[in-house]
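Taking this note's numbering, I'd label the letters of the sequence shown as residues 28 to 193. Don't be surprised by glycine CBs; every beta carbon is placed ideally from N, CA and C.
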Amino acid sequence: MSTILEKARNKSAELPSGKDKIIAIVVSEWNLPVTNNLLMGAVDTLIAAGVTEDDIIIEYVPGSVELTFGAKTLIEDTMAHAVIVLGCVIQGETAHFDYVCDSVTQGITTLNLEYDTPVIFGVLTTNNQEQAEARAGGSHGNKGEDCAIAALKMIALQEKYLDLEE
Numbered sequence: 028m029s030t031i032l033e034k035a036r037n038k039s040a041e042l043p044s045g046k047d048k049i050i051a052i053v054v055s056e057w058n059l060p061v062t063n064n065l066l067m068g069a070v071d072t073l074i075a076a077g078v079t080e081d082d083i084i085i086e087y088v089p090g091s092v093e094l095t096f097g098a099k100t101l102i103e104d105t106m107a108h109a110v111i112v113l114g115c116v117i118q119g120e121t122a123h124f125d126y127v128c129d130s131v132t133q134g135i136t137t138l139n140l141e142y143d144t145p146v147i148f149g150v151l152t153t154n155n156q157e158q159a160e161a162r163a164g165g166s167h168g169n170k171g172e173d174c175a176i177a178a179l180k181m182i183a184l185q186e187k188y189l190d191l192e193e
């Protein structure tokens, strides 16, 4: 139920314009059918908000652990206003799931604290393939769309306070 309520809240808020914004997206190749669906949701949402295709930078990395380095590279080497990281980690029989999830979560948090470019966490951490598919364009929506919305909102927040400083 909370996912449904959250979707209603997100849709009721006005979406900031993406006009003249550059958005970088780093995508994990691991679980590619899921991460490509997340990517399509993010790209479609950004374009609908006014970001041009030429202003969307997309890079792939091998897995979710590598998303942090990919995001750092895009922050440092592009003019992106925000970076979205998209990945999918599915629970297995070993502790590997925990290590990967902790690594990428801490890495993205660190980037958000160290850089002035918002980094949006779009890594699905699910118990099984069905849950991942449900969140990548299935019955629970598309987390990629949510990440694109979050990126635009964080850019707008940052710009609001930059304008106050001038």
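*In chain order, what residues of the same chain lie with their CB nearer than 8 angstroms to the CB of S29, ignoring the 5 residues before and after it?*
Only weak support is given to the placement of S29: the predicted model assigns it a pLDDT of 48, under 50, and the value that follows is read from those uncertain coordinates. Closer than 8 angstroms at Cβ, skipping near neighbours: no residue.
*Secondary structure at G134, three-state DSSP: helix, strand or coil?*
If DSSP states are grouped into helix, strand and coil, G134 belongs with the helices.
*Could you work out which residue in Q156, V150, D143 is closest to Q133 when comparing CA atoms only?*
Distance from the Cα of Q133 is smallest, within the candidate group Q156, V150, D143, for V150.
*For K99, I'd like the list of residues in its chain whose CB is within less than 7 angstroms of its CB, leaving aside the five on either flank, ordered along the chain.*
Closer than 7 angstroms at the Cβ level, and outside the excluded window around K99, lie L138.
*Kindly indicate which three-state DSSP category L151 falls into: helix, strand or coil?*
Reduced to three states, the DSSP call for L151 is strand.
*Do you know whose CA, among P145, F124, G171, lies nearest I74's CA?*
It is G171 whose Cα lies nearest to the Cα of I74.
*Span of the alpha helix (DSSP H) around A161*: Per DSSP, the continuous alpha helix (DSSP H) segment holding A161 begins and ends at 156-161.
*Would DSSP call L94 helix, strand or coil?*
Residue state, collapsed to three classes: helix.
*Indicate whether A69 and I52 have their beta-carbon atoms separated by less than 9 angstroms.*
Going by beta carbons, A69 and I52 fall inside the 9 angstroms limit.
*Is DSSP giving E86 helix, strand or coil here?*
Strand at E86.
*Taking C-beta to C-beta, are V146 and I102 nearer than 9 angstroms?*
In this structure, V146 places its C-beta atom within 9 angstroms of the C-beta atom of I102.
*Which residue comes first and which comes last in the alpha helix (DSSP H) that contains V78?*
No residue range can be given for V78, since it is assigned to no alpha helix (DSSP H) and is classified by DSSP as neither H nor E.
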